[in-house]
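Engineer:
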Amino acid sequence: MVKIDGIGNGNSLIRARNLGKTYHRGSEELHVLQGLNLDIEPGDFVAFMGPSGSGKTTLLNLLGGLDVPTTGNIAVAGEEITSLSAHLLTEWRARHVGFVFQMYNLIPVLTAFQNIELPLLLTKLSKTERRRHVDTALSLVGLAGRSQHYPRQLSGGEEQRVAIARAVVTDPTFLLCDEPTGDLDRKNADEIMDLIDRLVHEHGKTVLMVTHDARAADRAHAVLHLDKGTLVEGTGKPA
Amino acid sequence: MKYLALVLANLRRKKVRTTLTIGSFAAALFLFCLLIAVRSSLNQGVEVAGADRLIVINRVSLMQPLPISYRDRILRVPGVTAVTFATWFGGVYQDERNFFPQIVIDPGAWRQMYPEFLISDADWGEFMKDRQACLVGADTAKRFGWKIGDRIPIKGTYIPGVWEFNLRGIYRGARPSDDTTQFWFRRDYFEEGAPAYWKGIVGWYIVKVANPDAAPRVVAAIDDSFSNSPWETKTETEKAFAAGFVKQIGNIEFLILTIGAVVFSTLLLVTGNTMAIAVRERTGELAVLKTVGFGDTLVLWLVLGESLILALVGGTLGVLVAKLVAPRISGFMYGAKIFLPLANLLLGVLLALVAGALAGVLPALAAMRLKVVDALRRV
C-alpha cells in the first residue's frame, strides 16, 4: 500500500522523507518538490500524474538516483541512497533500477539484443550467461525473433518492448517508467501497459510510472497527483 | 573486450566521417614516416660512422686534395693503427640523374678499415687481379641490374674521359643502415687514366685509431704535424665529418620537425573536432548509458577508445604504406638508400596513438562530466 503521510508501516521498499528539490535560475529559486513523503511497498504499481512542470519527472529522477535532492532523504530496501557518492550511486542504479523512457532511448547502432545486453556488460556474467538473460528478456516482451533487428527496423511499440526488456534484464529492485506510452498509439499503448501489468502481477515487480494518460494510470494500484511540487492527493485508484 | 562491440558500432555510425578521419591519420603518418626515412637516409653516415675512425681532409675544403706522402706520416702518429685514402671521382653512368658515389680506393687497407662492408674473399681476389675492376654496393647493383662480369662505362665530369670498369664483386652491409650504394675502383687504374696533376694526390685519408677515447689527442697530433705546410689538414671523427656533410644540405632536422609539428597539430584539430561532434551528437545516448549504470570513467574510456582505434587503424595504415613506398623514392634522393627501421615504424604508431589520445581527451572528458538529468532533458 502506497502512503504519503510520512509515517509508513515499516514495510516500505522505497521510503522518501521531507523530499525537496530546488533549482536556481539566476537569483530566482524554483522549488520543484517540497517536503514530499512517500512509502512504496514491494510489488506496488504506482502512477504519478499531474500537469507539466509539477515535478513528476524530477521525483522519478530522485527516486532513481539520477539526481540528488536538495532536502530530505530516500532509502531503498533499507539503503540510504541520498548520501551515496556519484560513483556509488551509479553502481546502485545499475543493480536496483530499471528505466523506461517515453522516447525508448535505444542506441540506434546496436541491435535489439545488444541494447538489452548493455546493463549486463556491467556485471561479471559470462558471454553465455548474458546471452541467456537477454534471450529470456526478449521472450518476456514477445520479441524472441527480433533480436538482430536494429531500432530503425522495429515499430514504436516494439522499440518500447526492447526498452522494457533492457530495463528488466538485470532483474532490478524496481522499475521507473517515464511516460512509457506517451509516444505510442492506443493499441500499442495498451500492449505496453499489458506488459507492465504482467511484470507487476506475474513477476512481482515494483513499478513507478509517470503518465499523462489516465487509461494507463488506471492500471496502477495507486495514483498520486503532483501539483506545484507536493503530493496533493492520497492513495487510491483514480475516479 | 566486452565493450568493443559498442565502440566499433559507434565508429560504424558515420562511415564516411570515420573513413575520412582514418584517412587523416594515415596521410599524416605516411608523411611523417617518409620524413623520418629521408632523415635517416641523410643521417645514415652519422649513425653508422665508426667510433674508431678519423677523416683527414684538406683544411681549405674537402674539394682540395692532400699529398699521398701524408699516409706514412699519419701512420707514424702514436695511437694510429691503420691509414687508407680515397678520392671522389664524380662520374656519370648513362644519365646525370643516375647518381651514386664513385670512389677511388686504396685496396691495401680498405677491407681492414671497413669491416662492415661484406665482400667474399673470392670477389676481392678478382678485384685485386684486374686493374679495371670495380666493386659496387648491393643497392646500386640492384638499381641498375648489374651482375658480376658486366662492363660498366662511367663518364668523367671534372676528370675527363669515359672510363670502363669490370664488375668483379658486390658488397653488402653488415647492418641494414650501412651504405650499399658506393662504387669503388682501384687507384692504379685511376692514376693511369687521370691527368698528370692527379698523380701523387688523394681526396682524403681515413685513419683507424687504437683507442676511440684517445681520438681527440690523435686528431690534434695529426693536424699539428701538418700545420704551416702548403696542405694543412683538418681531422675529425668520422661521425663529426658525416654530420658536417649533412649540415651542408641545410637544417634538415629543423625542417622535418617543423613539418611534423604542423602535420600533427592539424591532425589534432581535425580529429579533436570530429570527436567533439561525435560526442555532441550522442549526448542522449551517453546519458542513457549513464542511466543504466555506466560510470563516468567507463564512458570516458569508451569515447577515448574510439579516438584511439581511429588513430591505431589510420596510423598503422599510414606507416605500412610509407614502408612500401619509402624504398621506391630512392630515385628522388639520388639513389640514396631510403628505408624505415622497425623502431621508426613503431614510433610512428606510438605517435598516432598519442595524437589520438590528445584529440579524444577533451570530448571524452565532456562525456564523462555529462550530467544525466540535463542530457535526458535534451533527448
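Top to bottom, those sequences are chains A and B. FYI, in the numbering used here the residues of the first sequence are 1035 to 1273. FYI, in the numbering used here the residues of the second sequence are 2 to 380. Where a beta carbon is used, it is the ideal one built from N, C-alpha and C, also for glycine. Fair warning: this is a prediction, and the values are worked out from it, not measured in the lab.
Any beta carbon from chain B within less than 7 Å of A/D1217's own beta carbon?
Structural biologist: Interface annotation, A/D1217: not in contact with chain B, CB-CB separation never under 7 Å.
Engineer: Which whole-angstrom value describes the C-beta separation of A/V1202 and A/L1209, a residue pair presumed to lie in contact below a C-beta threshold of 8 Å?
Structural biologist: 7 Å
Engineer: Could you name the residues of the stretch 1041–1070 of chain A whose beta carbon sits closer than 9 Å to any beta carbon of chain B, in the order they occur along the chain?
Structural biologist: none
Engineer: From the beta carbon of B/V17, is the nearest beta carbon of chain A less than 7 Å away?
Structural biologist: Interface flag for B/V17 against chain A is unset, since no Cβ pair is found closer than 7 Å.
Engineer: Would you check if the distance between the CB atom of B/T284 and the CB atom of B/A175 is smaller than 7 Å?
Structural biologist: no
Engineer: For the stretch 1149–1173 of chain A, which residues have a CB atom closer than 8 Å to at least one CB atom of chain B, in sequence order?
Structural biologist: L1152, P1153, L1155, L1156 and K1161
Engineer: Report the rounded CA-to-CA distance for B/T234 versus B/P68, giving the unit in angstroms.
Structural biologist: Taking the straight line from one Cα to the other gives about 11 Å.
Engineer: Can the beta-carbon of B/V289 be found less than 7 Å from the beta-carbon of A/N1139?
Structural biologist: Going by C-beta atoms, B/V289 is nearer than 7 Å to A/N1139.
Engineer: Is there a Cβ from chain B that is less than 7 Å from the Cβ of A/T1104?
Structural biologist: no
Engineer: When the Cα of B/S1 is compared with those of B/N59, B/K16 and B/A38, which residue comes out closest?
Structural biologist: With chain B represented from 2 up to 380, any question about residue 1 of chain B goes unanswered, as that position is not in the structure.
Engineer: Let me see if you follow: with CB-CB separation under 7 Å, is A/F1082 close to chain B or not?
Structural biologist: Chain B, which has no Cβ nearer than 7 Å to the Cβ of A/F1082, makes this no.
Engineer: Within the stretch 1180–1268 of chain A, note down every full alpha helix (DSSP H) run reaching 4 residues or more, in order along the chain.
Structural biologist: 1190–1202, 1220–1235 and 1248–1251
Engineer: List the residues that DSSP assigns as beta-bridge partners of B/C135.
Structural biologist: Looking at the DSSP assignment, B/C135 forms a beta bridge with B/L168 and B/F186.
Engineer: Taking only beta-carbon positions, decide if B/G294 is within less than 7 Å of chain A.
Structural biologist: yes
Engineer: In whole angstroms, give me the CA-to-CA distance for B/L43 and B/D179.
Structural biologist: 12 Å
Engineer: Using DSSP with H/G/I as helix, E/B as strand and the rest coil, what is A/N1071?
Structural biologist: strand
Engineer: Closer than 7 Å, CB to CB, is B/E117 near chain A or not?
Structural biologist: no
Engineer: Thinking just about the alpha-carbon of each residue, which of B/Q65, B/Q183, B/L63 and B/V57 is nearest to the one in B/R72?
Structural biologist: B/V57
Engineer: Could you tell me the alpha carbon to alpha carbon distance between A/Q1148 and B/T181, rounded to whole angstroms?
Structural biologist: 57 Å
Engineer: What residues from chain B crowd round A/A1128, counting only those whose CB sits closer than 7 Å?
Structural biologist: V293 and G294
Engineer: Which residues in chain A sit within 9 Å of B/E282, going by Cβ to Cβ distance?
Structural biologist: Simply none; closest approach about 11 Å.
Engineer: Sorted by chain position, which residues of the same chain lie with C-beta nearer than 8 Å to B/L119's C-beta, five sequence neighbours on each side aside?
Structural biologist: So the list reads Y172, R173, G174 and A175, once near-sequence residues are dropped.
Engineer: Where does B/L258 land, buried or exposed, given buried means 16+ other C-beta within 10 angstroms?
Structural biologist: Around the C-beta of B/L258, fewer than 16 other C-beta atoms lie within 10 Å, and the residue is accordingly described as exposed.
Engineer: With B/T292 as the anchor, note down where its alpha helix (DSSP H) starts and where it stops.
Structural biologist: In the DSSP assignment, B/T292 falls within the alpha helix (DSSP H) that extends over T284 to T292.
Engineer: Beta-carbon within less than 7 Å of A/G1099's beta-carbon, same chain only, minus the 5 sequence neighbours each way: which residues are those?
Structural biologist: I1115, L1123, W1126, R1127 and V1131
Engineer: Nearest to B/F184 by CA position, among B/Y198, B/I339, B/R169 and B/G194, is which residue?
Structural biologist: That would be B/R169, whose Cα lies nearest to the Cα of B/F184.
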